[in-house]
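Engineer: Pasting a structure here, questions to come.
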Amino acid sequence: MHHFKNNAHYQETDNILDSALFDEAYEHIKEWDGYEPSPLHDLKGLAAEMGVGQILYKDESTRFGLKSFKSLGGAYAVVHVLQEHLSAKYPGVEITDQDLKDGKYTNDLKNFIVATATDGNHGRSVAWGAYECGIKCKIYMHSGVSQSRGVAVELLGAEVTWVDGNYDDSLLQVKRDAIENEWHIISDTSYDGYTYVPKYVMAGYTVMTKEISEQLKEEELPTHILIQGGVGGLAGAICAHAGKIWGEHRPRFVVVEPETADCLYQSAKIGRPKMVHIEQETLMGGLSCGEVSIIGWNILKNNANDFVTISDDNVKPAMCIMAMGIGVDDGIEAGESAVAGVAALMELKDKEKLRSALGIDSQSRILLFGTEGATDPELYNEIVSGG
Ligand SMILES: Cc1ncc(COP(=O)(O)O)c(C=O)c1O
Numbered sequence: 210m211h212h213f214k215n216n217a218h219y220q221e222t223d224n225i226l227d228s229a230l231f232d233e234a235y236e237h238i239k240e241w242d243g244y245e246p247s248p249l250h251d252l253k254g255l256a257a258e259m260g261v262g263q264i265l266y267k268d269e270s271t272r273f274g275l276k277s278f279k280s281l282g283g284a285y286a287v288v289h290v291l292q293e294h295l296s297a298k299y300p301g302v303e304i305t306d307q308d309l310k311d312g313k314y315t316n317d318l319k320n321f322i323v324a325t326a327t328d329g330n331h332g333r334s335v336a337w338g339a340y341e342c343g344i345k346c347k348i349y350m351h352s353g354v355s356q357s358r359g360v361a362v363e364l365l366g367a368e369v370t371w372v373d374g375n376y377d378d379s380l381l382q383v384k385r386d387a388i389e390n391e392w393h394i395i396s397d398t399s400y401d402g403y404t405y406v407p408k409y410v411m412a413g414y415t416v417m418t419k420e421i422s423e424q425l426k427e428e429e430l431p432t433h434i435l436i437q438g439g440v441g442g443l444a445g446a447i448c449a450h451a452g453k454i455w456g457e458h459r460p461r462f463v464v465v466e467p468e469t470a471d472c473l474y475q476s477a478k479i480g481r482p483k484m485v486h487i488e489q490e491t492l493m494g495g496l497s498c499g500e501v502s503i504i505g506w507n508i509l510k511n512n513a514n515d516f517v518t519i520s521d522d523n524v525k526p527a528m529c530i531m532a533m534g535i536g537v538d539d540g541i542e543a544g545e546s547a548v549a550g551v552a553a554l555m556e557l558k559d560k561e562k563l564r565s566a567l568g569i570d571s572q573s574r575i576l577l578f579g580t581e582g583a584t585d586p587e588l589y590n591e592i593v594s595g596g
């Protein structure tokens, strides 16, 4: 495990990601069919096992039946982009999410195509949003992504293009094809010249923090948030929203990445975005990203307290522990990328120096984000039955 302690303190982030978007996202998403707050579990057995005071686990394994928090982001951005497109055509007309889902504007949208690159979950969310609104969708996946993730997207009517190489190669390819074909990119990552849509994707993620703020009593405020980083969209969104909700009292914010895809950690170390070439795919597929999202990075560079990297060694054991439950805990379906925080605590367990550098002790109350369930059921079953 590597640790970088960032010289950070709570700073206003509205100039990077306007917090009005957080409320707007919640107002939309809470009205969608099938919406309910995801559970916040208090894992007492796991906390005792890890030598900390409390582990709270925000469990996204059932979110909208898509089994990951990503369903909050991409699908919401699709809805927003369509509404904006139609508003330009029909000024003054209110176009609701339900209008889109009822197919009121199908004819206006018959040539509107959305596209994205994905490791799986984001693409599934975009495909779901497109399916619900009756529009066409193109999803680009790289050869490291499992076929079953491709099938899940195809079942939602999207067309999948497989790209040789890694996530960054698929991103490059979809950008090229989208320009050529006039498709609308709905990306969860942001880069110079492309920040508008990812802000809506990130705003969708903050529904989780909104729910947590209602699920927690004030005296229960965690001391730490351990959150996994891919491109940093999730971590950036939650960091900004946690700062908005709790201000100076915001928990210590620790970003956890796989050591083979540690673009946020490497960037933090030098104080500017650094691209990492992914040579070996991590088991935590959703976190396998070599380049930071510029919005996420701009939030985290001043606000995240710590960046750590973990090996894959504890990922399978962590998934098995979650599936079985420990003592007083019930079993929880936690996919590969969901257990990054648990795996980090397992890796830290016997490392007193590192624990103390992170301010983690037997009194710490730690909030983890269980970002996915069995989104790749074959792999999940193989791992958990093997455990
Ligand atoms: C399950 C899961 N967790 C975490 C992440 C990381 O999110 P981000 O890439 O926004 O950092 C992803 C990204 O795809 C994911 O699928």
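So the sequence shown is numbered by this note's numbering: it starts at 210 and just counts up by one. Positions of the beta carbon are idealized from the N, C-alpha and C atoms, including for glycine. Predicted model, so just to flag it, every value in this text is computed and none were measured.
Is LYS313 near ligand 1, with its Cβ less than 7 angstroms from a heavy atom?
Structural biologist: In the sequence shown, residue 313 corresponds to position 104, counting from 1. Checking the Cβ of LYS313 against ligand 1 gives no.
Engineer: To which residues does DSSP link MET350 through a beta bridge?
Structural biologist: Taking the first residue of the sequence shown as 1, we reach residue 350 at position 141. Beta-bridge pairing links MET350 to THR327 and TRP371.
Engineer: Following a CB-centred definition, is GLY442 positioned closer than 7 angstroms to any heavy atom of ligand 1?
Structural biologist: As a working mapping, residue 442 is identified with position 233 in the sequence shown. GLY442 Cβ: within cutoff of ligand 1.
Engineer: Compute the Euclidean distance between the alpha carbons of ASP539 and GLY332, then round it to the nearest angstrom.
Structural biologist: Within the sequence shown, residue 539 is the residue found at index 330, counting from 1. Within the sequence shown, residue 332 is the residue found at index 123, counting from 1. Whole-angstrom Cα-Cα distance: 30 angstroms.
Engineer: LEU255: which of PRO460, ASN216 and MET533 sits nearest, CA to CA?
Structural biologist: Here residue 255 is taken as the residue at index 46 of the sequence shown, counted from 1. Per the Cα distances, MET533.
Engineer: Where ALA297 and LEU554 are concerned, what is the direct C-alpha to C-alpha distance, given to the nearest angstrom?
Structural biologist: Here residue 297 refers to the residue found at position 88 of the sequence shown. Here residue 554 refers to the residue found at position 345 of the sequence shown. So the two alpha carbons sit approximately 50 angstroms from each other.
Engineer: Measuring CA to CA, which of ASP328, THR327, ASN330 and TYR340 is closest to LEU318?
Structural biologist: Within the sequence shown, numbered from 1, the residue matching residue 318 stands at position 109. Of the listed residues, the one whose Cα sits closest to LEU318 is TYR340.
Engineer: Report the residue from ASP328, GLY595 and ILE388 whose alpha carbon sits nearest the alpha carbon of VAL362.
Structural biologist: Within the sequence shown, numbered from 1, the residue matching residue 362 stands at position 153. Of the candidates ASP328, GLY595 and ILE388, the one whose C-alpha sits nearest the C-alpha of VAL362 is ASP328.
Engineer: Of the choices GLN489, ILE508, ILE454 and ALA470, whose alpha-carbon is the least far from that of LYS483?
Structural biologist: On the sequence shown, residue 483 is found 274 positions in, with the first residue counted as 1. For the residues GLN489, ILE508, ILE454 and ALA470, the minimum Cα distance to LYS483 belongs to ALA470.
Engineer: With a threshold of 7 angstroms, establish whether the CB of LYS279 neighbours any heavy atom of ligand 2.
Structural biologist: Only ligand 1 can be found as ligands here, which leaves ligand 2 out of the picture.
Engineer: List the endpoints of the continuous alpha helix (DSSP H) containing LEU554.
Structural biologist: Translated into positions along the sequence shown, residue 554 becomes position 345. Unbroken alpha helix (DSSP H) run through LEU554: 549-557.
Engineer: Would you tell me roughly how many angstroms separate the C-alpha atoms of GLY494 and PRO300, rounded to the nearest one?
Structural biologist: On the sequence shown, residue 494 is found 285 positions in, with the first residue counted as 1. On the sequence shown, residue 300 is found 91 positions in, with the first residue counted as 1. Whole-angstrom Cα-Cα distance: 42 angstroms.
Engineer: Quick check on this structure: which residue in TYR349, LYS510, SER357 and VAL288 has the alpha carbon closest to the alpha carbon of VAL372?
Structural biologist: As a first step, residue 372 must be located in the sequence shown, where it is residue number 163. Out of TYR349, LYS510, SER357 and VAL288, TYR349 has the C-alpha closest to the C-alpha of VAL372.
Engineer: Could you check whether the stretch 370-384 touches the stretch 304-312, counting it as contact only if at least three pairs of C-beta atoms, one from each stretch, sit closer than 8 angstroms?
Structural biologist: At 8 angstroms Cβ cutoff, the stretches do not touch.
Engineer: Pull up the distance between the alpha-carbon of LYS310 and that of PRO407, whole angstroms please.
Structural biologist: The sequence position of residue 310 within the sequence shown is 101, counting from 1. The sequence position of residue 407 within the sequence shown is 198, counting from 1. Answer to the nearest angstrom: the Cα atoms are 22 angstroms apart.
Engineer: In whole angstroms, what separates the C-alpha of TRP337 from that of ASP232?
Structural biologist: By one-based count along the sequence shown, residue 337 stands at place 128. By one-based count along the sequence shown, residue 232 stands at place 23. If I take the Cα positions, the gap works out to 22 angstroms.
Engineer: Which of the three DSSP states, helix, strand or coil, is assigned to LYS426?
Structural biologist: For the purposes of this step, residue 426 is identified with residue 217 of the sequence shown, where counting begins at 1. Of the three classes helix, strand and coil, the one that applies to LYS426 here is coil, per DSSP.
Engineer: Could you give the first and the last residue of the continuous beta strand (DSSP E) run that contains ILE434?
Structural biologist: Within the sequence shown, residue 434 is the residue found at index 225, counting from 1. Per DSSP, ILE434 belongs to the beta strand (DSSP E) from 433-437.
Engineer: Give a single yes or no on whether HIS597 has its beta carbon closer than 7 angstroms to a heavy atom of ligand 1.
Structural biologist: The requested residue 597 does not occur in the structure, where the chain is confined to residues 210 to 596.
Engineer: Applying the 10 Å Cβ sphere with the 16-neighbour rule, what's the burial state of GLY445?
Structural biologist: In the sequence shown, the residue the question calls residue 445 occupies position 236. It counts as buried.
Engineer: Taking one C-beta from the stretch 216-229 and one from the stretch 510-521 each time, how about it: are there three or more such pairs within less than 8 angstroms?
Structural biologist: Flag = yes, the stretch 216-229 and the stretch 510-521 touch.
Engineer: Applying the 10 Å Cβ sphere with the 16-neighbour rule, what's the burial state of LYS279?
Structural biologist: Translated into the one-based positions of the sequence shown, residue 279 becomes position 70. Buried, because 16 or more other Cβ atoms sit within 10 Å of the Cβ of LYS279.
Engineer: For SER277, which beta-bridge partners are listed by DSSP?
Structural biologist: Numbered from its first residue, the sequence shown carries residue 277 at position 68. In DSSP, SER277 forms a bridge with GLU581.
Engineer: Looking at ligand 1, does it come within less than 7 angstroms of THR580, judged from the CB to the closest heavy atom?
Structural biologist: The sequence position of residue 580 within the sequence shown is 371, counting from 1. True, at least one ligand heavy atom lies under 7 angstroms from that Cβ.
Engineer: Skipping 5 residues on each side, what residues in its chain have a beta carbon closer than 8 angstroms to that of SER571?
Structural biologist: What you label residue 571 is simply residue 362 of the sequence shown in a count that begins at 1. Same-chain partners within the cutoff: GLY260, VAL261 and GLY262.
Engineer: Taking 7 angstroms as the line, does the beta carbon of GLY438 fall inside it for any heavy atom of ligand 1?
Structural biologist: Here residue 438 refers to the residue found at position 229 of the sequence shown. Yes, since a heavy atom of ligand 1 falls inside the 7 angstroms radius drawn around the Cβ of GLY438.
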